[in-house]
Structures are given as structure tokens and as C-alpha cells.
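*Asks:* I have a structure I would like to understand better, so I am pasting it below and will then ask my questions one at a time.
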Amino acid sequence: MCGIIGYVGESDALPILTDGLKNLEYRGYDSAGIALRDGEGDSLDVYKRAGEIDALREHLPESSGSTTGVGHTRWSTHGEPTDANAHPHADESGEVAVVHNGIIENYDELKSELEERGHQFLSETDTEVVPHLVEEELDDGYDLPDAVERVADRLEGSFALGVVSTDFDGLVAIRQDSPLVVGIGDEANFIASDVTAFIEHTRNVCYPEDGDVVTVTADEVSFRHDGEVVERPVDEVEWEAEAAEKGGYDHYMLKEIHEQPQALRQTISGRLDEMAGDVDLDIDLPEEYVASVEEIQIVACGTSYHAGLYAKRLLEEFADVRVNVEVASEYEFTGGRDPWRTLVFAVTQSGETADTLSAMRAASRAGARTLAVTNTVGSTAAREADHALYIRAGPEIGVAATKTFSSQVATLSMLSVYFGRQRGSLSVDRAQTLLEHIRGLPGAIQQLLDQENAIREIAGEYADGDAFFFVGRYLGTPVALEGALKLKEIAYVHAEGFAAGELKHGPLALVTPETPVLAVLTEGARPDETLNNVKEVESRGAPVVGFSSYERGEKYLDTVVGVPELGLLEPLVANAGMQLFAYYVADGMGRAIDKPRNLAKSVTVE
Ligand code: M6R
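In short: position in the sequence shown from 1, add 530, done, that's the working numbering.
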């Protein structure tokens, strides 16, 4: 949801910023821009355009004499994607330029104030108030770090800001509830929304706290909080730059689908103890607390919500605990529950989803303990939650979540073993069986992926359906919802997921010979009952594609994708087949698979 980058160093800032923006493009791609401070500080050159980074590149010089600049790739919130609304935004004098990720909620009021004082606005964005406010502070004699801090104090909402000005040899950044990471290199320092922006240059990173004023020059990065100089720890990013590249695949999504076996190996590495029937998750939840938990609430959005639905069923089955899963934007920690005995899981790949963060904060305010289940080290969710558990899937760039869903479900499956064993509700034998299946996930998903050619053909055969229905029961239901979400998201076709038993209560009216039905028919997805629903749609003429380990039912299916045996994790394996189905339907339609229209990878606004 908008990506920002800033660079100060010894090299030409232009290619570093444009390449960095390209790596951030998954965060938003409806317009892009760059501001460069010339070497002497005489001027700022601002280039910006509606459209993707490649459209901007056409308007950029081949090189610049600048070694300092900021860049932005946009996902519009205030104002259409036009050249004028693209960032960076500048003040009238052209001495200050700002890139921003987030929403400034009180911009209307600030804008009126500034207009009364004679400022002129060129865009419809909320961001444009910032350069004008900074300009006023500079005119009052403050230096850039002080000016940015004073302006940030006046802003309401969420923001990560990168600011350059002619009279400051460097840049200043500040964040409030929006992601910001600082990269510390060798005479080359960075700020960005995400490490992918600068991973080719440095893997040493710091995560500023909300309200930190970050001053970046070519040879130093310093942090100040409430007027005091503070130190922030430097971490090393564990993955390599290549992990965030396409590696020969046409799309990141396809690469990430194929990375699932490897991602899952990382997820489970060193965490399973089959002999003891237990897991080592390195979360410091007190034993007495785990035993006393009465309710687990899972808050999440989109794909992460579906992973939460899968986890609910496993946790209830193994850990003897009530579990409620709520779409984060609908979550309220209402009275009647005992906060001290309620544990809230925030499941979020990015760790930056505003809806999920806000739900997690509400739970925390009410006194509940929180656990972030996330892919992103140093993310806001990881830092704000009482406990963090990483899914370790590696960077995911495609907007459509694929490998992170598998790693989320694998992590949450391990958590259900943890809770089951700690609470005494899961026998060693049953735990061992589940652990064996978790261990088998990489291999089983690989077997599913080996059927790629067949799935590509199936996608071609059914691609022109009027609509697509995905059905499953029990653990198959979240997978049906996830299968439909993938298809909607990247192919822009009408797709819906249902609990198979619900079909007859309404959706069956939509079923025709032109609406393919994709069914999960595996262990853990109540195949006997689901088969009855399959027969109901078939007798209305709908073609059925079964993702199946249920041989008895296969004669009723038009097309079968075989799912290897893996107990309660078979529906998760089937999901990889649905990902490939969605991918090939979308690819056949020529869709922008990694950057679907209107979407962004990390949704940092509510
Ligand atoms: O980063 P998060 O897991 O919190 O993101 C939640 C959703 O925005 C995300 O899963 C979204 O639904 C995906 N684009 C789905 O593929």
C-alpha cells in the first residue's frame, strides 16, 4: 500500500531509487515518482508519472549528478492515479519534497489552514499538506529534522514519511503506524517501506519506533525520540537478494507456488520433535497461562483469515479450547469474555495490515495477551504483540498470497500441537501422527505441483466458465474459500467458496452447466458428505473438478487432480492445486498476475 524509498550515499541516486521502486512495486503500482537533490543543494528535481515504474523510467534522464533522493510507488487513497497526485509532493518553492505511505486523517483541516495562509495545492492528496507545513517550519528557522518532527506532531493518522530539502545534505524520515525500515550500508544509507527495496545494497537493518526522527546522511544514520538521541539495534536480514527475484519464472506468483516445499522446510526446520510428540516453537508463553486459556481468538484478513479458519478446526480438535476467528476489520473485543483467559492470534503475512493491527491493539487494550503469527521479522505486528512466531516462508512478492498460506497453516498446525500437549488434551500418539503429516507436507505439495501440466490443461478447459464455485467441508471449507479468493483476485472472474453443505441452502440456484465446481474431496474434508453435494451439482449439469484422495468418489468427478495421503493436512495440499488452477486461468486471460488491478500486497490503511 504505497512503497517509499530514500537513499543517501556516494553513488548516483537515480538508478538506486528506480531499482528499489521496482522491488517495491508490489505495494502499489498506479503511479510513481522520484525527487533528487542536486549535489550542491541548489534544487530538487521531481519526476513523477501515473502508471507503473516503467512509465516513469521513460521520463527520467539516463543518470543524475545526485547522491540523495526519495522515491514512491503509489496505491491511491486520496485522489485518482494522475501525474499530479503522484508522489513526491513539493512545496511552492520547490525546496522540500515528500514521499508518504499511509493516510493523514486531519489533512482537510490542515489544508484549509494552509490555504488561508496563501499556500497553493496542486493535487487532491492528503500528503501535500506535509511539504507546505515543513516549508513553514524551515522558514521559521528550524532545521529539517526539527521541522519534520514538529510537522509530524500535527498529523493524525498513519504515516511513514521520507523528506528531502535543498538545504539539508541528507534526508529525514519518521513513522507513525506505517512500516519503515532503515538500511545501513557502506557509505550508503537507506530508508524504505520494506527491505526488498535495498536488499541488493545492504542486509543490515534497523526498525525505527513510532515517533523516531531518523536522520540519514551518507555516512551516518541517527535516531532521536522526544528530543533524546536513541540507539536502535541493527539486525541482519537472513534471506538473500535472489529470494526476492523471479528466478526464471514468468511471474512471482508461479515462483512462489513452486517454492512451497522449500518454504515449508524452513517453516518446520528444528521445530518438530516426533519422538516426544511435541514441538519447539520458542514462544515464551507461561505454562500456567496456556493451561488456563479459555478462548483463542484469531484475527486476520483475506488469505490469512482462511489460514485462521483452518487453525480453528485443528486447535479445537487437539487443544480442547474454544476458538473464534474474526475478519480483523469486524473485530471488537466486547465485554463478556474474560480478557485474562483470552489469547488473541494476529495472523498476518506482512505484519503491517492495518485492520489486523487495529484488532490486535483493541485486544491488547482490553487486557488480552497477543501472539503475532507473521512472516516479517521486525514488522509492527511482531513488535507490538506480546509474543511473535515467524512462519519463515521467505519474501513473498506476488500480491496473491501462496506460499505464505501453506506456511501459516503449517505454523498454526504446530501451534495446535503445542497447545494440545501443554494442556494435556493431545496424546503423544495423536501428536506424532500430526507431526508426521506436517513433516510430510513439503513432499506431498511437491507431488501435487508435479501435476502442473495436467492442471494447466484443466484450467484451459474450464477457463470460460460463467462463474466458479469451490466447495469443501470442515478443513476443506477454508481451502474452498481460499481457492475462490485466488481466482477472483488474479483472474477477475466471479468465484465463490462455500461450505459444501450450504450449497443446497441457496447457492445451488446459481449452478448451471457453465459453472465449474471445484471440490475438495480428501481426508479432513468429510469426503463422503461432500460427495453427496458433488452429485447434487452434477445432476444440475455442472462440471466438477475434484482435488481428491478419495478414490471411491472419483467415478463421479469429471476431472480429478490426485492429492497424496496426508491426513488432516490433505486439504492444504489440495490448495496448491487450486493455486495452479487460478494461475493458469489468469495467465490464459493475460492478466497482470503479480499486480492485479486495484490491489496491493500490504494493506496499511483501514
Ligand atoms: O499481510 P497480511 O497477511 O495481513 O495480508 C492480508 C490480506 O490482505 C492478504 O492475505 C490478501 O488477501 C492477499 N492478497 C490474498 O492473496
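Even glycine gets a Cβ: it sits at the ideal position worked out from N, Cα and C. In this text the structure is predicted, and so the values were computed from the model without any measurement.
Would you list, in sequence order, the uninterrupted beta strand (DSSP E) runs of no fewer than 3 residues that lie entirely inside the stretch 649-729?
*Replies:* As far as the stretch 649-729 is concerned, its whole beta strand (DSSP E) runs of at least 3 residues are 687-695, 701-706, 711-714, 718-722.
*Asks:* Output the distance between the C-alpha atoms of residue 867 and residue 901, rounded to the nearest integer angstrom.
*Replies:* Each residue's alpha carbon lies about 18 Å from the other.
*Asks:* Which residues in the same chain have their Cβ closer than 6 Å to the Cβ of residue 966, if we skip the five residues on either side of it in sequence?
*Replies:* Counting only Cβ-Cβ distances below 6 Å, and skipping sequence neighbours, we find nothing.
*Asks:* Just curious, the beta strand (DSSP E) that residue 1090 is in, first and last residue?
*Replies:* Segment 1089-1092, the beta strand (DSSP E) holding residue 1090.
*Asks:* Measure the beta-carbon distance from residue 1054 to residue 1101 and round it to whole angstroms, keeping in mind my assumption that it falls under 8 Å.
*Replies:* That belief holds up - the Cβ atoms of residue 1054 and residue 1101 are roughly 5 Å apart, short of 8 Å.
*Asks:* Taking only the alpha-carbon atoms, compute the straight-line gap between residue 678 and residue 546 and give it to the nearest angstrom.
*Replies:* So the alpha carbons of these two residues sit roughly 24 Å apart.
*Asks:* Indicate whether the contact test is met: 3 or more Cβ pairs, each with one atom in the stretch 1002-1014 and one in the stretch 1107-1125, closer than 8 Å.
*Replies:* These segments touch.
*Asks:* Determine the direct distance from the alpha carbon of residue 596 to that of residue 568, and round the result to whole angstroms.
*Replies:* Residue 568 and residue 596: Cα-Cα distance of roughly 5 Å.
*Asks:* How do the stretch 754-773 and the stretch 930-942 stand: do at least 3 beta-carbon pairs fall below 8 Å, yes or no?
*Replies:* No, they do not touch.
*Asks:* With a threshold of 7 Å (Cβ to nearest heavy atom), would residue 1129 be considered close to the ligand M6R?
*Replies:* Yes - the ligand M6R has a heavy atom lying nearer than 7 Å to the Cβ of residue 1129.
*Asks:* Can you check which of these residues, 584, 709, 791, 640, is closest to residue 1132 by C-alpha distance?
*Replies:* Nearest option by C-alpha distance: 709.
*Asks:* Grab the span of the beta strand (DSSP E) containing residue 876 for me, first residue to last.
*Replies:* First-last of the beta strand (DSSP E) with residue 876: 872-878.
*Asks:* In this structure, how does DSSP classify residue 1128 when only helix, strand and coil are distinguished?
*Replies:* Note: residue 1128 maps to coil in three-state DSSP.
*Asks:* CA-CA distance, residue 910 and residue 661?
*Replies:* So the alpha carbons of these two residues sit roughly 26 Å apart.
*Asks:* Leaving out five residues before and five after residue 822 in sequence, what residues of the same chain have Cβ atoms less than 6 Å from its Cβ?
*Replies:* Counting only Cβ-Cβ distances below 6 Å, and skipping sequence neighbours, we find 871.
*Asks:* Which same chain residues end up closer than 8 Å to residue 540 when comparing Cβ atoms and leaving out the 5 residues on each side of it in sequence?
*Replies:* Correct list, in chain order: 597, 717, 718, 748.
*Asks:* In the structure shown, what three-state DSSP assignment does residue 613 receive?
*Replies:* Coil.
*Asks:* Residue 832: beta carbon under 7 Å from a heavy atom of the ligand M6R?
*Replies:* Yes - the ligand M6R has a heavy atom lying nearer than 7 Å to the Cβ of residue 832.
*Asks:* So does residue 886 have its beta carbon nearer than 7 Å to some heavy atom of the ligand M6R?
*Replies:* Because some heavy atom of the ligand M6R lies under 7 Å away, the Cβ of residue 886 counts as near it: yes.
*Asks:* What does the alpha-carbon distance come out to for the pair residue 979 and residue 563?
*Replies:* Cα-Cα distance, rounded: 39 Å.
*Asks:* What's the gap between the Cα of residue 581 and the Cα of residue 548?
*Replies:* Looking at the two C-alpha atoms, the distance is approximately 14 Å.
*Asks:* Only counting runs of 3 or more residues, tell me where the beta strand (DSSP E) segments fall wholly within the stretch 880-924, in order along the chain.
*Replies:* Correct list: 899-904, 917-920.
*Asks:* Of the residues 583, 543, 558, which one's Cα is nearest the Cα of residue 565?
*Replies:* It is 543 whose Cα lies nearest to the Cα of residue 565.
*Asks:* Straight-line CA distance for residue 656 to residue 606?
*Replies:* Between residue 656 and residue 606, the C-alpha separation is close to 11 Å.
*Asks:* What number of angstroms, rounded off, separates the C-alpha of residue 692 from the C-alpha of residue 760?
*Replies:* Each residue's alpha carbon lies about 19 Å from the other.
*Asks:* Once DSSP output is grouped into helix, strand and coil, what is the label at residue 563?
*Replies:* The answer is strand: DSSP assigns residue 563 an E or B state.
*Asks:* For the ligand M6R, I want to know if residue 744 counts as a neighbour, meaning its beta carbon is within less than 7 Å of at least one of the ligand's heavy atoms.
*Replies:* Every heavy atom of the ligand M6R is 7 Å or more from the Cβ of residue 744, so no.
*Asks:* State yes or no: is the beta carbon of residue 772 nearer than 8 Å to at least one beta carbon in chain B?
*Replies:* Given the protein chain composition of this structure (a single chain), no chain B is represented.
*Asks:* Whole alpha helix (DSSP H) runs in the stretch 735-803 with 4 or more residues, listed along the chain?
*Replies:* Whole alpha helix (DSSP H) segments, 4+ residues: 782-788, 790-798.
*Asks:* Per the contact definition of three or more C-beta pairs closer than 8 Å, is the stretch 996-1007 in contact with the stretch 1031-1047?
*Replies:* Because the criterion of three Cβ pairs below 8 Å is met, the stretch 1031-1047 and the stretch 996-1007 touch.
*Asks:* So does residue 930 have its beta carbon nearer than 7 Å to some heavy atom of the ligand M6R?
*Replies:* Residue 930: yes, Cβ under 7 Å from the ligand M6R.
*Asks:* Could you spell out the range, first to last residue, of the beta strand (DSSP E) harbouring residue 1016?
*Replies:* Not the beta strand (DSSP E): residue 1016 falls in the alpha helix (DSSP H), residues 1006-1021.
*Asks:* Could you check the C-alpha separation between residue 824 and residue 940 for me, to the nearest Å?
*Replies:* Cα-Cα distance, rounded: 23 Å.
*Asks:* Across the stretch 831-846 and the stretch 804-815, are there enough close Cβ pairs to call them in contact, namely three or more that are closer than 8 Å?
*Replies:* No, the stretch 831-846 does not touch the stretch 804-815.
*Asks:* Alpha carbon to alpha carbon, how far is residue 1129 from residue 1117?
*Replies:* Residue 1129 and residue 1117: Cα-Cα distance of roughly 17 Å.
*Asks:* Are the CB atoms of residue 1124 and residue 928 within a distance shorter than 8 Å?
*Replies:* Result yes, Cβ atoms of residue 928 and residue 1124 sit closer than 8 Å.
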